[in-house]
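Q:
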Amino acid sequence: MRRTILAAFAFACSAHAAGFTLEQVLSAPFPSEMAAAPTGGKIAWVLNERGARNIWIATAPDYKGVRATSYKEDDGQDIGQLHWTPDGKSVIYTRGGDLEFLGRSDPNPATLTAGVEQDIWLLTPGEPPQRLAQGHSPAISPKGDRIAFLRGDHILLAPLAGGDAAPLYRARAGVTSLQPEWSPDGSKLAFVSDRSDHGFIAVYDFAAKSLTYLDPTVDRDQDPVWSPDGKQVAFIRQRSGGRNLPGPRRTGEPWSIHVATVADGVGRQIWSADPGYGSVFHAIVSEKQLYWVAGDRLLFPWEKTGYVQLYAVAAEGGAAKALNTPGSYEVEHVAVSEDGSEAVYSSNENDIDRRHLWRISLPGGKPQQLTRGDAIEWTPVFSGKDIGFLHADAKRPARAAIEMGGTVKDLAPDSIPADFPVNALVAPQQVIYQAADGMAIHGQLFLPPNSGSGEKHQAVVFMHGGSRRQMLLGWHYMDYYNNAYAMNQYLASLGYVVLSINYRSGIGYGMEFREAINYGMAGASEFNDVEGAGLYLRSRTDVDPQHIGLWGGSYGGYLTALGLARSSNLFAAGVDFHGVHDWTARGGRPLGASGTPTPEAEAAQEEAARMAYDSSPIADVRTWRSPVLLIHGDDDRNVNFGQTVELAAALRRQNVYFEQLIIPDEIHGFLRHASWLRAYTAAADFFHRKL
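613 is the number that our numbering gives to position 613 of the sequence shown; each next residue is one higher, with no gaps.
1) Which residue from Met404, Phe420 and Ala400 puts its Cα closest to that of leucine 411?
2) Assuming the contact rule is C-beta atoms closer than 8 Å, tyrosine 345 and leucine 299 should be a hit. Round their C-beta distance to whole Å, please.
3) Shortest alpha-carbon distance to glutamate 73 belongs to which of Asn108, Pro61, Gly51 and Ala60?
4) Use the C-beta contact count for asparagine 488: other C-beta atoms within 10 angstroms, 16 or more gives buried, fewer gives exposed.
5) In chain order, what residues of the same chain have a beta carbon less than 6 Å from the beta carbon of leucine 570, not counting five sequence neighbours either side?
6) Work out the CA separation of leucine 447 and glycine 510 for me, nearest whole Å.
7) Count the other CB atoms, across all protein chains shown, that sit within 10 Å of the CB of alanine 427; report buried if there are 16 or more and exposed otherwise.
8) Please say whether leucine 112 and tryptophan 121 have beta carbons closer to each other than 8 Å?
9) Quick check: tyrosine 657 and proline 627, are their CB atoms within less than 8 Å of each other?
10) Let's see if you can read the secondary structure: which residues bound the beta strand (DSSP E) around alanine 234?
11) With distances taken from CA atoms, which of Val431, Asn638, Gly452 and Asn450 is nearest valine 461?
12) So, using beta-carbon positions, are valine 266 and glutamine 232 closer together than 8 Å?
13) In chain order, which beta strand (DSSP E) runs of at least 3 residues are fully inside the segment 254–320?
14) Just mark threonine 212 as buried or exposed, buried being the case when its beta carbon has 16 or more other beta carbons within 10 Å.
15) Would glycine 592 be called buried (16 or more neighbouring beta carbons within 10 Å of its own) or exposed?
16) Quick one: grab the DSSP three-state call for valine 46.
17) Less than 8 Å separating the beta-carbons of valine 313 and isoleucine 284?
18) With a CB to CB cut of under 8 Å and the five nearest residues on each side skipped, what residues in its chain are close to serine 554?
19) Output yes or no for whether 8 Å exceeds the beta carbon distance between serine 341 and isoleucine 43.
20) Would you decide whether valine 331 is buried or exposed? Buried here means 16 or more other CB atoms lie within 10 Å of its CB.
21) Using DSSP with H/G/I as helix, E/B as strand and the rest coil, what is histidine 688?
22) According to the neighbour-count rule (16 or more other Cβ atoms, all chains shown, within 10 Å of its Cβ), is asparagine 502 buried or exposed?
23) What separation, rounded to the nearest whole angstrom, lies between the Cα atoms of lysine 690 and alanine 459?
24) Rounded to whole angstroms, what's the CA-CA distance from glycine 97 to valine 91? Just pull it up for me.
25) Does DSSP put glutamate 600 in a helix, a strand or coil?
26) For the alpha helix (DSSP H) that contains tyrosine 558, what are its first and last residues?
27) With DSSP as the reference, identify every bridge partner of arginine 95, one or two as the case may be.
28) One question on the structure: do arginine 237 and serine 210 come within less than 8 Å of each other, judged by their Cβ atoms?
29) How far does the beta strand (DSSP E) with threonine 644 in it extend, from its first residue to its last?
30) Among all the DSSP beta bridges, which residues are the ones paired with phenylalanine 462?
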């Protein structure tokens, strides 16, 4: 007890000397879910203020943000799926539940004794929110009179004026996924009917009370979008079948775009990806993957060049036209204007470790860069001719803003706490170092305030999760990594040299980097990047080579555990947030055409299982010597809690020192601010004592 008290006192003193507290650097509210009214002149977004999530609204001409709901508690109840009504007077939203894994049981990380549920609400500014129904993924009728939404695996309808919800139709359970799509006149509803090993696009006709499947096949159809006249539906088709084995997917059976006539369900292929690069569909961060735009053309992402960029093809078919200039960069966060005449998107073009906004006239104009410099911009939306978006930079945290004729204005500048330590933060430096096998890896280097004093510092390597993620040279556009960026800033303020690495299999650097050879459970080639980061830090004159640690969450937790298991001589301690420790618990099983394993499939599966185990930290636990802190919520829906149970048992057998912080009822991406604060405090304290 005496050691614990003294350690806590020493850590508190060092934290005070840092100039700001962990609570202060985590205090900035995080904006998300930006949505613009179809009539223009109004923007809504969600703001998470220390765990209390509320909807804010800004209205033209002054666009001064106002809190429109009054949720006050850090209760772990998420808010999202914002949609304006067609008249621009109200906002529909979903509150509660797990908005990442829809349809699962509702998490209750605050252990509210009355229980929780996931509900859809109607918000009219100036009035209390009105509960419409239990469910999620609401889609508002173009007439503005009702919503279609999901509850479990079924589509239901509910009137906006209030009243009971009713099923759209009776069908076998477990077939419906994704948000329904109304036809332009509101007479029909299109949706994805997911049948596990294949998928259909279905259209329900309200007048005829009939259901039509559009060109059904053995393949997977997704992302339905209506033609402006409501007579056709376009969708993406990915071929089903093939072996479910781990490893890079650089090529495969080409995906395609189809258009079907709603009246008879007859479809036709209008375009197909070429064999080779781009043959495997890669989705982007966007509300939709397919847009029917001006000129009767379809806008979509394609990885033809090895980098995901935007293309357009005529609805009657033909060759696809690239809308972006050639180059080694990627496109994300796409939005299209109400009339389909313009698109705006974020990209790392000419600034590989940031995001900036670009605007393009459709169907085939030249992209014009809207933002540039040291900031990061994402999630653009059209508000008439103006562009709403979210932005941040290295020191100033994420905020909602609007661009009006070249002028940028923050929508709620007063929402940033007065004691947020913006002037005490450091601007991370771009670092490109060599992995152990020679690959060039990008990272962000956070140097402590006294880094030029000649003193040698302890150091830590941070690995993001995903692995389809990219850390940036500033506050991140995802809440999980926004918090991680705050933690890295805090560690730097305590005197650590922090290197945040964008290891192979992440996004932002092209398909070959993302689909890295032997990555993950197919060989753990990312370990080269972790080891290379440690060797880079060891070579720096401002780093104490005997005091280098690792930390990360999810996939980053996996790499933390892998680094400690394989290189305890290089990494002296680690903090593992909800990491994968045994890939064999997450592998697939290849089947023959009959649905039963063939001898060849069995042999392939055995080899894949062997490789998956060899790529796991659990396989090398015998050489693990460094202390580790294990952090996990036991309602994790991404990484099974049993992964940490298994690792703890293995560490005990090896007499490896570990500590644990288990958070009951918390999910993977902690829903409560208190959970993040508790976990990061424990991590910083652990590094202080063990590193």
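All C-beta atoms in this analysis are idealised placements derived from N, C-alpha and C, irrespective of residue type, glycine included.
A: So, to answer that:
1) In the sequence shown, counting from the first residue as 1, residue 411 sits at position 411. Nearest C-alpha to leucine 411: Ala400.
2) What you label residue 345 is simply residue 345 of the sequence shown in a count that begins at 1. What you label residue 299 is simply residue 299 of the sequence shown in a count that begins at 1. Contact flag wrong, Cβ pair sits at about 10 Å.
3) Reading the sequence shown from its first residue, position 73 is the one you call residue 73. Selected option, being the one with the closest Cα: Gly51.
4) Your numbering for residue 488 matches position 488 in the sequence shown. Buried, since its Cβ has 16 or more Cβ neighbours within 10 Å.
5) As a working note, residue 570 is residue 570 in the sequence shown. Result list for leucine 570: Gly534, in chain order.
6) As a first step, residue 510 must be located in the sequence shown, where it is residue number 510. As a first step, residue 447 must be located in the sequence shown, where it is residue number 447. Roughly 28 Å separates the two Cα atoms.
7) By one-based count along the sequence shown, residue 427 stands at place 427. That one is exposed.
8) Stepping through the sequence shown from its first residue, residue 121 is reached at position 121. Stepping through the sequence shown from its first residue, residue 112 is reached at position 112. No, Cβ-Cβ distance for tryptophan 121 and leucine 112 is not below 8 Å.
9) Translated into positions along the sequence shown, residue 657 becomes position 657. Translated into positions along the sequence shown, residue 627 becomes position 627. Result yes, Cβ atoms of tyrosine 657 and proline 627 sit closer than 8 Å.
10) Here residue 234 corresponds to residue number 234 of the sequence shown, with the count starting at 1. Start and end: 232–238.
11) As a working mapping, residue 461 is identified with position 461 in the sequence shown. Measuring from the Cα of valine 461, the nearest candidate turns out to be Val431.
12) Along the sequence shown, read from residue 1 onward, the residue named residue 266 stands at position 266. Along the sequence shown, read from residue 1 onward, the residue named residue 232 stands at position 232. In this structure, glutamine 232 does not lie closer than 8 Å to valine 266 by Cβ.
13) 256–261, 267–272, 291–293, 297–302 and 309–314
14) Residue numbering aside, residue 212 sits at position 212 when the sequence shown is read from its first letter. The residue is buried, with at least 16 neighbouring Cβ atoms inside 10 Å.
15) Here the question's residue 592 lines up with position 592 in the sequence shown. In this prediction, glycine 592 has a pLDDT of 44, which is less than 50 and means its spatial position is unreliable; nothing more can be read from the coordinates.
16) Counting from 1 along the sequence shown, the entry for residue 46 is found at position 46. If DSSP states are grouped into helix, strand and coil, valine 46 belongs with the strands.
17) The residue you call residue 313 lines up with position 313 of the sequence shown. The residue you call residue 284 lines up with position 284 of the sequence shown. Not closer than 8 Å, so no.
18) For the purposes of this step, residue 554 is taken as the residue at position 554 of the sequence shown. Excluding residues within five positions, the ones whose Cβ falls inside 8 Å are Gly465, Gly466, Phe577, His578, Gly579, Val580, Asn638, Val639 and His668.
19) Numbered from its first residue, the sequence shown carries residue 341 at position 341. Numbered from its first residue, the sequence shown carries residue 43 at position 43. Contact: no.
20) Taking the first residue of the sequence shown as 1, we reach residue 331 at position 331. The residue in question, valine 331, is buried, as its Cβ has 16 or more Cβ neighbours within 10 Å.
21) Mapped onto the sequence shown, residue 688 falls at position 688. If DSSP states are grouped into helix, strand and coil, histidine 688 belongs with the helices.
22) Position 502 of the sequence shown holds residue 502. Answer is buried; the Cβ neighbour count reaches 16.
23) Position 690 of the sequence shown holds residue 690. Position 459 of the sequence shown holds residue 459. Whole-angstrom Cα-Cα distance: 12 Å.
24) Working through the sequence shown from its first residue, we reach residue 97 at position 97. Working through the sequence shown from its first residue, we reach residue 91 at position 91. Spanning the two alpha carbons is a distance of roughly 19 Å.
25) Counted from its first residue, the sequence shown places residue 600 at position 600. Correct three-state label for glutamate 600: helix.
26) As a working mapping, residue 558 is identified with position 558 in the sequence shown. Note, tyrosine 558: alpha helix (DSSP H), 555–566.
27) Along the sequence shown, one-based indexing puts residue 95 at 95. According to DSSP, arginine 95 bridges with Ile79 and Asp119.
28) Counted from its first residue, the sequence shown places residue 237 at position 237. Counted from its first residue, the sequence shown places residue 210 at position 210. Cβ atoms of arginine 237 and serine 210: not closer than 8 Å.
29) Walking along the sequence shown from the start, residue 644 turns up at place 644. Here threonine 644 belongs to no beta strand (DSSP E); instead the alpha helix (DSSP H) covers 642–653.
30) The sequence position of residue 462 within the sequence shown is 462, counting from 1. Phenylalanine 462 is bridged to Ser500 and Trp551.
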